[in-house]
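Accompanying notes for the structure given below.
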Amino acid sequence: MSRDPVIVGVADVPLHERGRAMPGTTILGMQRDCALEALGEAGLALSDVDGLCVAGFWGMAESPAPGAMATLQMAEYLGLHDLKYLDNTNTGGSAFVVHAGHAAEMIRAGICDTVLILYGSLQKSESSRKLGGRRALYTQQFERVAGLPTPVGGYAMAAQRHMAEFGTTRETLAEIAVSTRAWAAMNDNAAFRDPMTVDDVLGAPGICDPLGRFDCCLITDGGGAVVMTTAERAKDLKTKPINVLGHGECTSHYCINYMPDMARLDVARESSTRAYAMAGRTAADMDLAMIYDSFTITVLLSLEAIGLCKPGEGKDFVAGGRIGPGGEFPVNTNGGGLSYCHPGMYGIFTIIEATRQLRGDAGERQQDGLVHAVCHGTGGVLASGATLVLSNDKG
Amino acid sequence: MTYEGPRPENDLDSAPFWEGANDGKLMIQRCGKTGQSFLYSRGLTKDIDETSVEWVASSGKGEIYSFTICRVPSDPFFADQVPYAVGSVTLEEGARVLGRLITDDLDAIAVGQQVEVDFDRLDDDLAVPVFRITG
């Protein structure tokens, strides 16, 4: 019981000028600052950390990129010399949700006591996100030569298939973007906070049909930290501990053309089924969903796959502002990757926001009466799924 | 003429595909044990008997599984080609293949339409399969 894993600290990088970190910020420095803030709010110090999880794509122009060995680079920078658990798992944007699951088991097993999960990116300030010039090799050789923009073209094909099978419309996808923007208006750290309508989304420039500009996540800087430890240790700490009741992960493909069923997110169904089973909870117990919203279609597919509604019923679940402020079921209350920030690998922010909401620290956007939250991360082109079930009540 | 766009980096797993395309054939792989067809990735298949996999020519006929109309290019080289359509095509043999969809009316493309392979010759060494909508 005493070694049950809990989250005791979170932090995210302050952003300015529509999603830029402060000038002069470095990729390592922003992660250090988040680490100190997340540890500090719990009353912990770097010297307490004996487990470290990091994933990133820093310095992509170089080979090998420094981010390819992110845990080693960060451990050196932070002066962590006796780590008992290192995790560099990179499943794309779901990585940090995967890390939290792995960390929970390492803590439970007594391998280590206090794990720091870190992420940082300066992709906007460094203008490092480029579509062109990517090599056409391995399974990607076919889509590169055909001219499919990745990842947006892959998500667009999933959306098109979902529309063909279930009659989903662009309006349904736009509802997701609009609700998410409304949440962002209550997050001082969100890059885009101006009100937006369904017509704004439908009228925006097309990117890859049926996805337009506002169906796509932002390109911003950003980063964050999550600190996990044992329930026993948390008794002496300053924050209200949030229990990690369950976790699960899954993958099915790498390139979109090999996704078994583009209209159904099988990896999310599997990862969430595993997470709910471990937690002894069901989707019906969830009060809040923090879902990786790389694109609007990602939210729709995820809601249907993690059991909050049935396949094809996502259009009813999100209709009429149901997932927005004042709606029946809050989703992505921080403004998501669509309006808050999207530094490339967004998954960690699902955990940060769920923790704040479950602690009652979410300020203007705080939701009342929350007990359970589900965090779901997607990685690659709908390729990886990872789910966490969190609770502020051990039950 | 030298094509300067994205060029596939052949490996032992894909060379027969590109060599076939250069000869006007759409080559896919087939498991001799189960009869399942696939291309390069085994993502859509189960119980493959690795020792019985062989390369075979596809009929080149299939239907659109899904598609997208690209308003932005995937690479600066394609900038003057937008908008263009890329489709995921389920071939008669079962394998799913990705390629450009060739049509005079992008707005009329729909999931489930019948297509047939053609080849776009880019230079002496490279021809790329594309799919014409036939019904």
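Chains as they are written, first to last, in the numbering used here: chain A, 86 to 480; chain B, 909 to 1043. Think of the CB as a built atom: it goes at the ideal place given N, C-alpha and C, for glycine as much as any other residue.
Check	Outcome
Extent of the continuous alpha helix (DSSP H) to which P924 of chain B belongs	A923 to N930
Rounded straight-line distance, which links the Cα of G970 of chain B to that of S210 of chain A	45 Å
DSSP three-state assignment for I192 of chain A, whether helix, strand or coil	helix
Cβ contact check for the stretch 932 to 946 of chain B and the stretch 229 to 242 of chain A: 3 or more pairs under 8 Å	no
Which residues DSSP lists as bridging R915 of chain B, in chain order	DSSP lists no partner for R915 of chain B.
L163 of chain A in three-state terms, based on DSSP	helix
Assigned exposure category for R193 of chain A - 16 Cβ within 10 Å defines buried	exposed
Interface flag, R979 of chain B vs chain A, CB-CB below 7 Å	yes
Within 9 Å of chain B by C-beta, residues of the stretch 288 to 300 of chain A in sequence order	P290, G291, I292, C293, D294, P295, L296 and G297
Alpha-carbon to alpha-carbon, G141 of chain A and V964 of chain B	41 Å
Any non-hydrogen atom of the ligand GDP closer than 6 Å to T111 of chain A Cβ	In the structure shown, the ligand GDP is absent, as is every other ligand, since no ligand is present at all.
Test: F1039 of chain B CB closer than 7 Å to a CB of chain A	no
Contacts of S922 of chain B in chain A (Cβ-Cβ under 7 Å)	Q226
Contact between the stretch 468 to 477 of chain A and the stretch 324 to 336 of chain A (3+ Cβ pairs under 8 Å)	yes
Range covered by the beta strand (DSSP E) that runs through R1008 of chain B	R1004 to I1010
Beta-carbon spacing of A310 of chain A, C460 of chain A below 7 Å	no
Contact list for G1007 of chain B against chain A, beta-carbon separation under 9 Å	F227, V230 and A231
Coil, strand or helix - L455 of chain A by DSSP	coil
Touching by the beta-carbon criterion (3+ pairs, under 8 Å), the stretch 390 to 408 of chain A and the stretch 425 to 434 of chain A	no
Where the stretch 368 to 388 of chain A meets chain B: residues whose CB sits under 8 Å from a CB there	none
CA nearest to the CA of I977 of chain B, picked from B:F985, B:E1000 and B:V990	B:V990
Secondary structure of K323 of chain A, DSSP reduced to three states	coil
Min CB distance L222 of chain A to chain E below 7 Å	The structure shown has no chain E; the protein chains it does contain are A and B.
Segment limits, beta strand (DSSP E) that includes M313 of chain A	G307 to T315
Of the listed residues A:E228, A:W268 and A:I382, nearest to G406 of chain A (C-alpha basis)	A:W268
Beta-carbon contacts of V134 of chain A that lie in its chain and below 7 Å, excluding the five residues immediately before and after	L165, T199 and L201
Beta-carbon proximity check, L121 of chain A vs L168 of chain A, cutoff 7 Å	no
Q208 of chain A versus P108 of chain A: straight-line alpha-carbon distance, rounded	13 Å
Residues near A130 of chain A by beta carbon distance below 7 Å, same chain, minus five either side	L124
Any chain B beta carbon closer than 7 Å to M145 of chain A	no
Span of the alpha helix (DSSP H) around Q245 of chain A	V237 to F251
Euclidean distance between Cα positions of L926 of chain B and R1029 of chain B	At residue 926 of chain B the sequence reads Trp, which differs from the Leu that was named. Taking the straight line joining both Cα atoms gives about 12 Å.
Touch test, the stretch 442 to 452 of chain A against the stretch 145 to 165 of chain A, Cβ-Cβ under 8 Å, three pairs minimum	no
CB contact below 7 Å: G238 of chain A versus chain B	yes
Cβ distance (whole Å) where V329 of chain A is taken to contact A189 of chain A below 8 Å	5 Å
Neighbourhood of I291 of chain A by C-beta distance below 6 Å, restricted to the same chain and skipping five residues each side	According to the sequence provided, residue 291 of chain A is Gly. The question's Ile does not apply to it. If we look at G291 of chain A and ignore the five residues flanking it on each side, its Cβ neighbours are G297.
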